[in-house]
Amino acid sequence: MKFLLFGTGDYYERYKKWFEKDEITALLDNSSRKQSTLIDGVKVLSPEEGIQLEFDAIVILSFYVKAMKAQLAGLGVDEKRIYHFYDLHRLFQGRATHRPVKYYGIKEDAIRNKNCGKKRILLLSHDLTLGGPALALCHAAEVLCSRGYEIVFASMLDGSLRQHLLERHIPVIVDENLQIQTMRETLWVLNFDLMICNTINYHVFLSDRATEIPAVWWLHDSVFFYDGVEKRILRGIDTNKLDIVSVGPVPRNAMQTFVLDLPIRDLLYGVVDEKGKRNDLDTGKKSGRFRFMTIGYIESRKGQDVLIAAVKLLRKEILSQCEFYLVGQDTSMLAEQIKDEIKNIPQVVMKGSVGRVEINRLLRETDMMICPSREDPMPTVVAEAMMHSVPCILSDAAGTAAYISNGENGLIFVSEDSKELAEKIEWCVLHKENAVRMGSEARIIYENIFSMNVFERNLLETVDRNIR
41 MKFLLFGTGD
51 YYERYKKWFE
61 KDEITALLDN
71 SSRKQSTLID
81 GVKVLSPEEG
91 IQLEFDAIVI
101 LSFYVKAMKA
111 QLAGLGVDEK
121 RIYHFYDLHR
131 LFQGRATHRP
141 VKYYGIKEDA
151 IRNKNCGKKR
161 ILLLSHDLTL
171 GGPALALCHA
181 AEVLCSRGYE
191 IVFASMLDGS
201 LRQHLLERHI
211 PVIVDENLQI
221 QTMRETLWVL
231 NFDLMICNTI
241 NYHVFLSDRA
251 TEIPAVWWLH
261 DSVFFYDGVE
271 KRILRGIDTN
281 KLDIVSVGPV
291 PRNAMQTFVL
301 DLPIRDLLYG
311 VVDEKGKRND
321 LDTGKKSGRF
331 RFMTIGYIES
341 RKGQDVLIAA
351 VKLLRKEILS
361 QCEFYLVGQD
371 TSMLAEQIKD
381 EIKNIPQVVM
391 KGSVGRVEIN
401 RLLRETDMMI
411 CPSREDPMPT
421 VVAEAMMHSV
431 PCILSDAAGT
441 AAYISNGENG
451 LIFVSEDSKE
461 LAEKIEWCVL
471 HKENAVRMGS
481 EARIIYENIF
491 SMNVFERNLL
501 ETVDRNIR
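Taken in order, the sequence shown gives residues 41 to 508; the numbers are from our numbering.
Encoded structure:
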């Protein structure tokens with residue numbers, strides 16, 4: 041087959057392995073900066089140019105599948121020739137695609153032979169990055185290990201979290217085949233007493249289950265991540281011995297949009313208490329300005345453009361008392377746009393991606409967290425801010441807003457309303473003492489809802505109920 045691959049970002053890197061180079065006619069991207077360049081020796085074209093070439097299928101390697109499908113349809117591409125990376129299992133059916141499984145801290149034979157001593161639990165992550173869902177599952181692994189369960193942590197993709205797990209004597213398996221295989225096709229998973237699958241990424245895996253093994257499906261995803269999901273597959277998943285839990289109302293409502301009346305309980309994640317852990321590098325703020333912090337991949341869904349629009353609305357005397365830090369991967373099209381917009385706004389600083397130690401240091405030096413997302417299931421960075429007694433301004437599209445009493449332990453604005461966000465920012469600058477008090481109240485939310493003690497209790501209840 042001849043493929044056009046639409047998207048050259050993170051999900052291209054994650055899924056390009058499944059395509060032979062001589063199968064790829066061209067890569068497609070809407071960024072004029074990338075067009076007419078070569079990536080992995082393949083030319084990048086605009087979608088308008090690419091569809092003039094000979095091809096059998098276009099595979100969208102992005103979560104912005106809804107907009108990209110509409111763009112292709114507008115160019116006259118038959119919908120039957122458009123696929124998403126979630127469709128690769130169907131697209132490659134009958135094709136020899138198996139990739140070697142990698143075992144770390146455990147031997148392959150140990151996986152296949154059931155240990156009669158301890159209950160064995162398999163935790164399945166979509167990646168090993170330091171993103172919220174993977175970190176939440178990592179914390180679950182640590183809790184379950186401490187309670188005497190035999191834990192194996194597996195992932196579709198490798199990453200820096202692997203070393204963290206191995207240092208805690210938690211074995212790791214990296215099996216890229218999990219991206220496109222079902223459970224029954226993944227033979228090494230069949231000797232566990234319980235498995236916990238993380239995120240909507242495992243819907244294909246669960247579509248053909250070995251139902252004798254109980255499973256927990258932990259949803260973290262907003263409706264945005266369902267655009268590439270074939271709804272027929274979701275509705276056909278066998279729910280026998282499948283306990284579906286959600287990180288709050290946003291992921292729950294997203295799933296129930298497609299599978300009505302599906303019983304889903306809440307299982308919120310836990311955040312390790314790092315408050316007060318200082319080191320010699322913690323120098324504190326030097327500017328004297330009120331510091332606002334926004335952390336997350338810079339993309340439309342996260343709404344950093346809404347924040348910049350709000351900053352532009354601030355009166356000069358207010359803006360001069362502020363500084364805004366944008367932390368997160370900053371090579372996206374939106375990031376490039378924001379870089380142009382802030383050239384004459386020195387109060388806005390883009391920090392790029394940073395590690396966990398640096399995030400905690402930045403939060404200790406922050407006066408107010410801003411979460412301007414257009415949708416965000418339960419942003420981990422907001423819970424981390426509250427752990428540091430940093431209050432938050434959240435859009436009402438963020439799941440954490442359900443736990444905020446506006447004006448008491450945080451501030452809420454209507455999603456995409458830059459004017460209202462600007463008013464909240466100004467209020468903070470003019471009422472600094474109130475903002476500090478709000479931080480103490482935010483810490484109580486952390487302790488009551490997002491602390492590891494609460495998470496451990498809820499996780500163990502879930503595991504005990506299913507592993508019996």
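C-beta: ideal position from N, C-alpha, C; glycine also.
- Item | Start-end ranges of the alpha helix (DSSP H) lying completely within the stretch 52-128, minimum 4 residues | 87-90, 105-114
- Figure out for me which residue from A107, D96, F332, P289 has the closest Cα to the Cα of A425. Indexing the sequence shown from 1 puts residue 425 at position 385. Comparing Cα positions, the closest option is F332.
- Message: Residues in the same chain with beta-carbon distance under 8 Å from V394, minus the five sequence neighbours each way, listed in chain order, please.
- Response: Residue mapping note: residue 394 aligns to position 354 of the sequence shown, counting from 1. Contacts found: V367, L402.
- Query: What residues in its chain sit with their C-beta under 8 Å from that of V117, if we drop five residues either side in the sequence?
  - Reply: Against the sequence shown, residue 117 aligns to sequence position 77. Correct list, in chain order: I91, I98.
- Message: How far does the alpha helix (DSSP H) with M223 in it extend, from its first residue to its last?
- Response: Taking the sequence shown and counting its residues from 1, the one referred to as residue 223 is at position 183. Careful: M223 lies outside any alpha helix (DSSP H) and carries neither H nor E.
- Name, in chain order, the residues that DSSP records as bridge partners for F264. Against the sequence shown, residue 264 aligns to sequence position 224. DSSP lists no partner for F264.
- Where does A181 sit, in a helix, a strand or coil, going by DSSP? Along the sequence shown, one-based indexing puts residue 181 at 141. Reduced to three states, the DSSP call for A181 is helix.
- For G441, the three-state DSSP class (helix, strand or coil): Within the sequence shown, numbered from 1, the residue matching residue 441 stands at position 401. Position check: residue 441 holds Ala in this sequence, whereas Gly was assumed. Residue state, collapsed to three classes: helix.
- The beta strand (DSSP E) enclosing F298, as first and last residue numbers: Along the sequence shown, read from residue 1 onward, the residue named residue 298 stands at position 258. No beta strand (DSSP E) contains F298, which is instead part of the alpha helix (DSSP H) from 289-298.
- Query: Relative to the C-alpha of L499, which residue among I284, L359, Q387, P140 is closest?
  - Reply: Translated into positions along the sequence shown, residue 499 becomes position 459. Checked all of I284, L359, Q387, P140; the closest Cα to L499 is I284.
- Query: Is the Cβ-Cβ distance between I433 and M408 less than 8 Å?
  - Reply: Residue 433 sits at position 393 when you count from the first residue of the sequence shown. Residue 408 sits at position 368 when you count from the first residue of the sequence shown. In contact: I433 and M408 (Cβ atoms closer than 8 Å).
- Message: Please classify M108 as buried or exposed, where buried requires at least 16 neighbouring CB atoms within 10 angstroms.
- Response: For the purposes of this step, residue 108 is taken as the residue at position 68 of the sequence shown. With 16 or more Cβ atoms within 10 Å of its Cβ, M108 is classed as buried.
- Message: Please identify the residue among T297, L470, F59 whose C-alpha is closest to the C-alpha of L128.
- Response: In the sequence shown, the residue the question calls residue 128 occupies position 88. Cα-wise, what sits closest to L128 is F59.
- Message: At the level of alpha carbons, what is the spacing between G336 and N449?
- Response: Residue 336 sits at position 296 when you count from the first residue of the sequence shown. Residue 449 sits at position 409 when you count from the first residue of the sequence shown. Their Cα atoms are separated by approximately 22 Å.
- Query: Is T440 closer than 8 Å to V422 when the C-beta atoms are compared?
  - Reply: In the sequence shown, residue 422 corresponds to position 382, counting from 1. In the sequence shown, residue 440 corresponds to position 400, counting from 1. Yes, the Cβ-Cβ distance between V422 and T440 is below 8 Å.
- Item | Residue burial classification, L177 (beta-carbon count within 10 angstroms, cutoff 16) | Numbered from its first residue, the sequence shown carries residue 177 at position 137. L177 comes out buried.
- Can you tell me where the alpha helix (DSSP H) with V256 in it begins and where it stops? On the sequence shown, position 216 is the one that residue 256 refers to. Careful: V256 lies outside any alpha helix (DSSP H), inside the beta strand (DSSP E) at 255-259.
- Could you round the C-beta distance between L45 and L67 to whole angstroms and report it? I think they count as a contact, below 8 Å. Here residue 45 refers to the residue found at position 5 of the sequence shown. Here residue 67 refers to the residue found at position 27 of the sequence shown. The Cβ separation is near 5 Å, so the contact holds.
- Message: So, with DSSP's three-state summary, where would you put D320?
- Response: The residue given as residue 320 occupies position 280 in the sequence shown. Residue placement at D320 is poorly supported in this model, since its pLDDT is 34, which falls under 50; the coordinates still yield a value, given next. Coil.
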